[in-house]
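A.B. asks: If you count by this note's numbering, then the sequence shown holds residues 791 to 1300, one letter each, in order.
All C-beta atoms in this analysis are idealised placements derived from N, C-alpha and C, irrespective of residue type, glycine included.
Being a predicted model, the structure only gives us computed values, none of them experimental.
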Amino acid sequence: MLDYVSIIHTGGVVLWKHQFQPLKGDPLLNLFTEDLSTRTNADSNSDSVKKGNYIVKWLKHQSIIITVLYHHFVTISNINEFLNRLMREFMAGYTDPVEWMQEQHPEFNEKFRSLVNTLNVGRKSGQQNAKAEEEDIFDELDDDEFFNRFNRDEPVQEQSVEKKPKVDPIASLDYSKSEEHIESLRDENDTFELDADMVVSIKKKKGKLRSLFSRLTNRILTEDMIEEPLATFEGILIERNVAATVAAEIIEHVKAELIGVRVGSFESIRTAIKDVLNREIAKILTPSREIDIMREVTLARQENRVLSIVMCGVNGVGKSTTLAKIAYWLSLNDVSVMVAACDTFRSGAIEQLNKHCRALGLEMFDAGYGKDPSHVTRLALQHAASNDIEVVLVDTAGRMQDNGDLMNGLYRLVQYNNPDFVFFVGEALVGNDGIDQLRSFDGYLKSKTQPVRGVNGIILTKVDTIDEKIGAALSMVHETKVPIVFLGVGQQRTDLRRLKVQQVVDLLLS
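1) Nearest-angstrom Cα distance between Asn1094 and Pro1209?
2) For Asn1198, count the other beta carbons within 10 Å of its own beta carbon; 16 or more makes it buried, fewer makes it exposed. Which is it?
3) Measure the C-alpha to C-alpha separation of Leu1171 and Arg1189 and round it to an integer number of angstroms.
4) Assign Gln1281 to one of three DSSP states: helix, strand, or coil.
5) If you measure between the beta carbons of Thr800 and Ser838, is that distance less than 9 Å?
6) Go through its chain and collect everything with a Cβ distance to Asp833's Cβ below 8 Å, but skip five positions before and after it.
7) Can you give the beta carbon distance from Asp1156 to Ala1131, rounded, assuming they're within the 8 Å contact cut?
8) Does DSSP put Asp1065 in a helix, in a strand, or in coil?
9) Is the beta carbon of Ser1110 sitting closer than 9 Å to the one on Ala1139?
10) Mind the definition here: the region 1267-1275 touches the region 1246-1256 only if three or more C-beta pairs lie below 8 Å; say whether that holds.
11) So Val1100 and Val1184 are supposed to be a Cβ contact under 8 Å. How far apart are they, rounded?
12) For Ser1137, count the other beta carbons within 10 Å of its own beta carbon; 16 or more makes it buried, fewer makes it exposed. Which is it?
13) Out of Asp1133, Asp1065, Val1129, point me to the one whose CA is closest to Cys1102's CA.
14) Between which two residues does the beta strand (DSSP E) containing Glu1153 stretch?
15) Looking at C-alpha atoms only, which residue of Ile856, Leu1169, Glu889, His895 is the closest neighbour of Glu1311?
16) In the DSSP assignment, find the unbroken alpha helix (DSSP H) run with Tyr1201 in it and report its ends.
17) Is the CB-CB distance between Val1096 and Glu1039 below 9 Å?
18) Going by C-alpha distance, which of Glu1258, Asn1105, Leu1152 is nearest Phe1135?
19) How is Ser796 classed by DSSP in three states: helix, strand or coil?
20) Are the region 1145-1155 and the region 1213-1232 in contact at 8 Å, needing three or more beta carbon pairs?
21) Quick one: grab the DSSP three-state call for Leu1289.
22) At what residue ranges does the region 1118-1166 contain a whole run of the alpha helix (DSSP H), taking only runs of 4 or more?
23) If you follow the beta strand (DSSP E) that Tyr776 is in, where does it begin and where does it stop?
24) Using only CA atoms, which one of Lys1236, Tyr1234, Glu1217 lies nearest to Asp1254?
25) Any idea what DSSP makes of Phe810, helix, strand or coil?
26) If you count every other CB in all the chains shown that lies within 10 Å of the CB of Glu1024, and 16 or more means buried, which is it?
27) Does DSSP put Ile1059 in a helix, a strand or coil?
28) Enumerate in chain order the residues of its own chain whose CB-to-CB distance from Met877 is below 8 Å, with the five nearest sequence positions on each side excluded.
29) Is Asn849 helix, strand or coil when you go by DSSP?
30) State the start and end residues of the unbroken alpha helix (DSSP H) segment that holds Gly883.
31) Hey, Leu1048 and Val1066 are a contact pair by Cβ (cut 8 Å); roughly how many whole angstroms apart?
32) Nearest to Leu1299 by alpha carbon, out of Leu909, Ala1072, Gly883, Val1279?
33) Rounded to the nearest angstrom, how far is the Cβ of Val858 from that of Val795, given a contact under 8 Å?
34) Have a look at Met791, Val1204, Ile1083, Arg1060 and flag the residue whose alpha-carbon is nearest the alpha-carbon of Lys1236.
35) Just verifying my parser: in three-state terms, what is the DSSP assignment at Arg1009?
36) Are there 16 or more other CB atoms within 10 angstroms of the CB of Leu1089, so buried, or fewer, so exposed?
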């Protein structure tokens, strides 16, 4: 019966495997299957080789290699048919390595079990078995001959070796028996482990196997080796709502860092790519200067001044709701807060804000509609200073970035009142539009204010509606270098979260 079956991608990923019997020394098995992926070049190729007490047989189609391993004294008359049928079943449901490994495949597993039941298994006669014991030529092949075994159509002429003493034939081989009986059929040589005797043998052969290990396990990544998995990861980022230009630039950085890197184990190419991509995204999302509002409140107290925060953004993104959440959070931390109603343009804006303030028990300052928002802000700050209020949150009118009059009003508010922070509020649902909006607000302020200042932080709303598609956060930070301060994750006053970089990275790469 079969001992081990694996399905391998030539780019360096074990897509699927099944082990029927316990095999010791799995690293040597991985070493051998790795050689198959790197040395088998034809589009469709089937071959086999004897390794120790085992026969390894494989079938390659396009970028997929199916490998089976079984004892040398077992005969399977329809093994080629089995490999071909298994390849057809696998290719019927296969798309790409990343997508395949992210899902479970119960239907394929069931078809695999059915195909295993069709195998015609027998065993060699005593004479054949003893002869097979004598013909273990693996240790007698030099490196070039061993590698060429996988690349030429005609079989390699086996070298003559000194015959070993014949052994008694195995009386029976019944795989339906207990595990204890199976173990009793194994001898000390039925293993892939490098024991002390094998180490001595390797040294006597002038390091041939050490050279083999070096060739197979110390691969240097090339562009061809990483091109396909990088394209897959780029597609994942775009699906997660990362702007296409941003995703392409990040992938280029990752490629430049990976080319020429030496990797070890057979499954390490995808892991190496994901590790570098993880670091690249985390580096983008980690601000050079963290915005800690509570620390700023403490500093303002020490300086006996009012801390002011202006909220800006386009229409309908949830500025007023977000302002109420921040006010509630500050009040829970024993900070006195007042809200300044400086959206004097939109009808009903003051009433909506006043409803939030009454629910939270907060004071709201307003001067009615039609007033200059910059003047209302100045009056609110003066009122707060005279009443020992520590923080003023300034609500402004939602405006499109191409509305010159309203953008000019925002500039005057910032220029004449010099708030501590200007926060841009945007939806997590948007992709490139969010980048354009943020860039326009930030650029307009920087082009007008003296001294120059722009947007200090980003608040993303409606994060709870997008699942893993949080790519807008990465796009905005990447393009503007403005850090994310808060995430809005619901409609309740407590649904406000600080950004945790690794959680965003995990969502983007899940």
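C.D. replies: Taking the geometry as given:
1) The alpha-carbon atoms of Asn1094 and Pro1209 are separated by roughly 15 Å.
2) Under this definition Asn1198 is an exposed residue.
3) Cα to Cα, the separation comes out at about 23 Å.
4) Correct three-state label for Gln1281: coil.
5) Contact flag unset, no.
6) Residue placement at Asp833 cannot be trusted, given a pLDDT of 42 that sits under 50; what the coordinates show is reported in the next sentence. Excluding residues within five positions, the ones whose Cβ falls inside 8 Å are Lys850, His851, Gln852.
7) Asp1156 to Ala1131, Cβ: 4 Å. Contact.
8) Three-state result, Asp1065: helix.
9) Ala1139 is positioned such that its CB atom lies closer than 9 Å to that of Ser1110.
10) The region 1267-1275 is in contact with the region 1246-1256.
11) The pair is a contact, with the Cβ atoms about 4 Å apart (cut-off 8 Å).
12) Looking at its Cβ environment, which holds fewer than 16 other Cβ atoms inside 10 Å, Ser1137 is exposed.
13) Out of Asp1133, Asp1065, Val1129, the CA that lies nearest to the CA of Cys1102 is found in Asp1133.
14) Counting along the chain, the beta strand (DSSP E) containing Glu1153 begins and ends at 1153-1155.
15) Limits of the chain in this structure are 791 at one end and 1300 at the other, which puts residue 1311 out of reach.
16) Per DSSP, the unbroken alpha helix (DSSP H) holding Tyr1201 starts and ends at 1194-1207.
17) Contact check for Val1096 against Glu1039 fails: the beta carbons are separated by 9 Å or more.
18) The shortest Cα separation from Phe1135 among Glu1258, Asn1105, Leu1152 belongs to Asn1105.
19) It is a strand residue.
20) With a cut-off of 8 Å, the region 1213-1232 and the region 1145-1155 do not count as touching, because too few Cβ pairs lie within range.
21) Coil at Leu1289, not helix or strand.
22) Taking only runs of at least 4 residues, the alpha helix (DSSP H) segments lying wholly in the region 1118-1166 are 1139-1150.
23) Outside the modelled stretch of the chain, which goes from 791 to 1300, sits residue 776, for which no answer is possible.
24) Cα-wise, what sits closest to Asp1254 is Glu1217.
25) Note: Phe810 maps to coil in three-state DSSP.
26) Label assigned to Glu1024: buried.
27) DSSP, read as helix, strand or coil, puts Ile1059 in helix.
28) Excluding residues within five positions, the ones whose Cβ falls inside 8 Å are Leu849, His851, Ile854, Ile856.
29) First, the residue type needs correcting, since residue 849 is Leu and not Asn in the sequence shown. When DSSP states are grouped into helix, strand and coil, Leu849 belongs to the strand group.
30) Counting along the chain, the alpha helix (DSSP H) containing Gly883 begins and ends at 869-883.
31) Confirmed, Cβ separation roughly 6 Å.
32) Closest option to Leu1299, Cα to Cα, is Ala1072.
33) Contact between Val858 and Val795 holds, since their C-beta atoms are separated by about 5 Å, short of 8 Å.
34) Comparing Cα positions, the closest option is Val1204.
35) The answer is strand: DSSP assigns Arg1009 an E or B state.
36) Exposed, by the Cβ-count rule.
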